[in-house]
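Q:
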């Protein structure tokens, strides 16, 4: 690869999805340059990951620019897995001067944009902060890209832009914008900004990836999802129940039109409705009303970004793709799959169904297969086995 290797800027690259994408970039021969502000990442301890006893020779932190802050623990472990250095700088995407300096220092061929605030419930409490970071941060990034002649971007969007499903499976033509919380709206607004930019300036290329529900972890067990505090999503919570960190799982309703009755598409709480179990003193029993949803292995998702980068080379204009498997699983199917992977019983209780919950939600991933040559390869068993390995080796996260 040598001097010809392409530099890819990865914003928010120390997070769950970002770190898995950085690993795929390294393994595909790209040179990722990662920026992150540590809002949702842990600073490196310098100690080896659980899967690799005994320190490796040479300080890992010498591999990123001096004065750029400590390497995040997720990326320190990515270096261990890939045996390749990760260029990292601590930087906030709302800091225009720092972005300009970064783009003067490096010649990027494309940007993978993950950075942003992402807790749905919090977005309802702090809408201005979500709009400031997600929208202003993206505008500053796009302006800096434009100023430095970088016109290729892959954006980390979400199936939340679809709102309540009008039909299933959800394809890319499904209406968007019916979002009920500032997080989802910020994803929709950013999609619109990028679409308008590509329309106005024909030399821009963008791939907007609408994720369904990424779960699992890299098969090494060294990197994975490390939610701060009570998990917002079903599977990290289920894994924490399995490993003994949480007492039990509460599931809303068993009378939905699903194979086992449990269901609720985007859970209402994750659309910004109050979570009835998040009362003081209930830290051990979070009610997660997540029903039939399309879960995708995070490594499959990461590989979708490599396919998207290749698409940009075709001068594709603005393209939008679902990244999902096309299969929906209910809460109890997920619990049983996790019991199988862990060999442990996962305690749950079923509480009353809530008004407004929707039973089913899953992707039509055909367009990504046709146009990107990408298809999810890993099934539910693999997702749960890899999630369990990560949880077992890292019971309290990074």
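Numbering (our numbering), first residue to last: 31 to 428. Idealized CB from N, CA, C, for every residue including glycine.
For residue 422, which residues of its own chain have a beta-carbon under 6 Å away from its beta-carbon, when the five flanking residues on both sides are left out?
A: Here residue 422 is taken as the residue at index 392 of the chain shown, counted from 1. Excluding positions up to five away in sequence, the list is empty.
Q: Please confirm if the region 259-277 is in contact with the region 364-382, defined as three or more CB-CB distances below 8 Å between the two stretches.
A: yes
Q: For the alpha helix (DSSP H) containing residue 341, list its first residue and its last residue.
A: As a first step, residue 341 is located in the chain shown; it is residue number 311 there, counting from the start. Residues 328-342.
Q: Would residue 344 be called buried (16 or more neighbouring beta carbons within 10 Å of its own) or exposed?
A: Within the chain shown, the letter at position 314 stands for residue 344. With fewer than 16 other Cβ atoms within 10 Å, it is exposed.
Q: Can you tell me where the beta strand (DSSP E) holding residue 282 begins and where it ends?
A: In the chain shown, the residue the question calls residue 282 occupies position 252. Run containing residue 282: 279-282, per the beta strand (DSSP E) assignment.
Q: Taking 7 Å as the cut-off, decide whether the C-beta atoms of residue 429 and residue 187 are in contact.
A: Residue 429 lies beyond the range of the chain shown here (31 to 428); nothing can be said about it.
Q: For residue 34, does the count of other Cβ atoms within 10 angstroms reach 16, so buried, or fall short, so exposed?
A: Counting from 1 along the chain shown, the entry for residue 34 is found at position 4. Result: exposed.
Q: Would you mind stating whether residue 376 and residue 365 have Cβ atoms separated by less than 7 Å?
A: Taking the first residue of the chain shown as 1, we reach residue 376 at position 346. Taking the first residue of the chain shown as 1, we reach residue 365 at position 335. The answer is yes: Cβ separation under 7 Å.
Q: Can you tell which of 219, 182, 162 has its C-alpha closest to the C-alpha of residue 190?
A: Mapped onto the chain shown, residue 190 falls at position 160. Closest by alpha carbon: 219.
Q: Got a sec, what are the start and stop residues for the beta strand (DSSP E) residue 348 sits in?
A: The residue given as residue 348 occupies position 318 in the chain shown. Run containing residue 348: 348-353, per the beta strand (DSSP E) assignment.
Q: Measure how close the beta-carbons of residue 138 and residue 39 come, nearest whole angstrom, since I'm counting them as under 8 Å.
A: For this step, residue 138 is matched to residue 108 along the chain shown. For this step, residue 39 is matched to residue 9 along the chain shown. With a Cβ gap of about 5 Å, residue 138 and residue 39 count as contacting.
Q: How far does the beta strand (DSSP E) with residue 240 in it reach, from first residue to last?
A: For the purposes of this step, residue 240 is taken as residue 210 along the chain shown, with counting starting at 1. Segment 235-241, the beta strand (DSSP E) holding residue 240.
Q: Would you mind working out which of 47, 419, 276, 66 sits nearest residue 378, comparing C-alpha positions?
A: Numbered from its first residue, the chain shown carries residue 378 at position 348. The candidate whose alpha carbon is nearest that of residue 378 is 276.
Q: To the nearest angstrom, how far is the alpha carbon of residue 64 from that of residue 44?
A: Position 34 of the chain shown holds residue 64. Position 14 of the chain shown holds residue 44. Approximately 7 Å between the Cα atoms of the pair.
Q: Helix, strand or coil for residue 37, going by three-state DSSP, please let me know.
A: Working through the chain shown from its first residue, we reach residue 37 at position 7. If DSSP states are grouped into helix, strand and coil, residue 37 belongs with the strands.
Q: Given a cut-off of 7 Å on the beta-carbon distance, is the pair residue 51 and residue 335 in contact?
A: Within the chain shown, residue 51 is the residue found at index 21, counting from 1. Within the chain shown, residue 335 is the residue found at index 305, counting from 1. Yes, these two residues count as a Cβ contact at 7 Å.
Q: What do you reckon, are the CB atoms on residue 253 and residue 49 nearer than 7 Å?
A: What you label residue 253 is simply residue 223 of the chain shown in a count that begins at 1. What you label residue 49 is simply residue 19 of the chain shown in a count that begins at 1. A contact, by the Cβ cut-off of 7 Å.
Q: DSSP on residue 133, reduced to helix/strand/coil?
A: Taking the first residue of the chain shown as position 1, residue 133 is located at position 103. The answer is helix: DSSP assigns residue 133 an H, G or I state.
Q: Residue 144 by DSSP, collapsed to three states: which one?
A: One-based indexing of the chain shown puts residue 144 at position 114. Of the three classes helix, strand and coil, the one that applies to residue 144 here is coil, per DSSP.
Q: Hey, out of 103, 123, 325, whose CA is closest to residue 359's CA?
A: Counting from one through the chain shown, the residue named residue 359 turns up at place 329. Residue 359 has its Cα closest to that of 325, out of 103, 123, 325.
Q: Quick one: is residue 127 near chain B, going by C-beta distance under 7 Å?
A: Although the question refers to chain B, the structure presented lacks it and comprises just one protein chain.
Q: Which partner residues does residue 120 have in the DSSP bridge list?
A: As a working mapping, residue 120 is identified with position 90 in the chain shown. Residue 120 is bridged to 66.
Q: Suppose the cutoff is 6 Å on Cβ atoms and the five residues either side in sequence are ignored; what does the same chain contact list for residue 70 look like?
A: Locating residue 70 in the chain shown gives position 40, counting from the first residue. These residues qualify, in order along the chain: 45.
Q: Which value, in whole angstroms, describes the spacing of the CA atoms of residue 356 and residue 394?
A: Stepping through the chain shown from its first residue, residue 356 is reached at position 326. Stepping through the chain shown from its first residue, residue 394 is reached at position 364. Distance between the alpha carbons of residue 356 and residue 394: 5 Å.
Q: Output the residue ranges of the beta strand (DSSP E) runs that lie fully inside the region 173-241 and measure 3 residues or longer, sorted by chain position.
A: 182-188, 235-241
Q: Let me make sure I understand the geometry here. Which of 54, 151, 124, 167 has the alpha-carbon closest to that of residue 111?
A: As a first step, residue 111 must be located in the chain shown, where it is residue number 81. Selected option, being the one with the closest Cα: 54.
Q: Buried or exposed for residue 264, going by 16 or more other Cβ atoms inside 10 Å?
A: Translated into positions along the chain shown, residue 264 becomes position 234. The residue in question, residue 264, is buried, as its Cβ has 16 or more Cβ neighbours within 10 Å.
Q: When you compare each of 362, 59, 144 to residue 216 by their alpha carbons, which one comes out closest?
A: Here residue 216 refers to the residue found at position 186 of the chain shown. Ranking the options by Cα distance to residue 216, first place goes to 144.
Q: To the nearest angstrom, how far is the alpha carbon of residue 164 from that of residue 400?
A: Counted from its first residue, the chain shown places residue 164 at position 134. Counted from its first residue, the chain shown places residue 400 at position 370. Their Cα atoms are separated by approximately 31 Å.
Q: Considering Cα atoms alone, identify which of 103, 194, 183 is closest to residue 339.
A: The residue you call residue 339 lines up with position 309 of the chain shown. The candidate whose alpha carbon is nearest that of residue 339 is 183.
Q: Can the beta-carbon of residue 281 be found closer than 7 Å to that of residue 380?
A: Taking the chain shown and counting its residues from 1, the one referred to as residue 281 is at position 251. Taking the chain shown and counting its residues from 1, the one referred to as residue 380 is at position 350. For residue 281 and residue 380, yes; Cβs fall inside 7 Å.
Q: If you draw a straight line from the alpha carbon of residue 58 to that of residue 203, how long is it in whole angstroms?
A: The sequence position of residue 58 within the chain shown is 28, counting from 1. The sequence position of residue 203 within the chain shown is 173, counting from 1. If I take the Cα positions, the gap works out to 31 Å.
Q: Between residue 330 and residue 367, which are expected to be in contact by the criterion C-beta below 8 Å, what is the C-beta distance as a whole number of angstroms?
A: The count along the chain shown starts at 1 and reaches residue 330 at position 300. The count along the chain shown starts at 1 and reaches residue 367 at position 337. Residue 330 to residue 367, Cβ: 16 Å. No contact.
Q: Tell me whether the beta-carbon of residue 170 lies closer than 7 Å to the beta-carbon of residue 100.
A: Here the question's residue 170 lines up with position 140 in the chain shown. Here the question's residue 100 lines up with position 70 in the chain shown. Taking 7 Å as the Cβ cut-off, residue 170 and residue 100 do not qualify as a contacting pair.
Q: Which of the three DSSP states, helix, strand or coil, is assigned to residue 258?
A: Position 228 of the chain shown, counted from the first residue, corresponds to residue 258. Coil, per DSSP.
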